[in-house]
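In UniProt numbering, the protein residues as written are 1 to 145.
Just so it is clear, CB atoms sit at the ideal spot from N, CA and C, and this is done for glycine as well.
So, in structure tokens, the structure goes:
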């Protein structure tokens, strides 16, 4: 959202130090989230920036950042044998923004995990192909898969 070339990402890469401790890796992830939040808060609502799934608005980038932190946070917790129980309201808003064509189920976290191919649901097999909708609905660039 800070710089918005129409057809590519700005060539910028941030990586954690290979020697970083788990606490330092968490600090790295939190800092990235705060940078995204600052960019989203200061961007005009009508602004658009490149994403492979469609030029997105600030709300779309916020939702994409949330889903990445939620899903990979769950991966990390599972790898450590820890429980991960994200706020269902955030899960519901993220799923509705990025997967507007998918019907939610009772649990918003299960819905978000299903939309991203992480689990099966009763009557819905695990998805093997999916993508979210980066572009806002009013931009008319087609549904998420």
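Burial state of residue 12 is exposed, judged by a 10 Å Cβ sphere holding fewer than 16 other Cβ atoms.
Secondary structure note for residue 25: its alpha helix (DSSP H) is the uninterrupted segment 22-42.
Annotation for residue 58: 1, 40, 43, 45, 47 place their beta carbon closer than 7 Å to its own, counting only its chain and skipping 5 residues before and after.
Residue 112 carries a helical assignment under DSSP once its states are collapsed to helix, strand and coil. Per DSSP, residue 8 is not a residue of any alpha helix (DSSP H), being assigned neither H nor E. Sequence-distant partners of residue 102 (beyond 5 residues in either direction) whose C-beta falls short of 6 Å from its own C-beta, in its chain, are 115. The residue from 76, 81, 68, 75 with its alpha-carbon nearest to that of residue 94 is 68.
Per DSSP, residue 19 is not a residue of any alpha helix (DSSP H), being assigned neither H nor E. Look at residue 124 here: in three-state DSSP terms it is strand. Secondary structure at residue 135: coil, using DSSP grouped into helix, strand and coil.
Each residue's CA atom was taken as its position, placing residue 6 and residue 84 some 37 Å apart.
Selection 87, 121, 63 evaluated against residue 135 yields 63 as nearest (Cα-Cα).
Ranked by how close their Cα comes to the Cα of residue 132, the residues 87, 75, 100 have 100 in first place. Annotated three-state conformation of residue 49 is strand, per DSSP.
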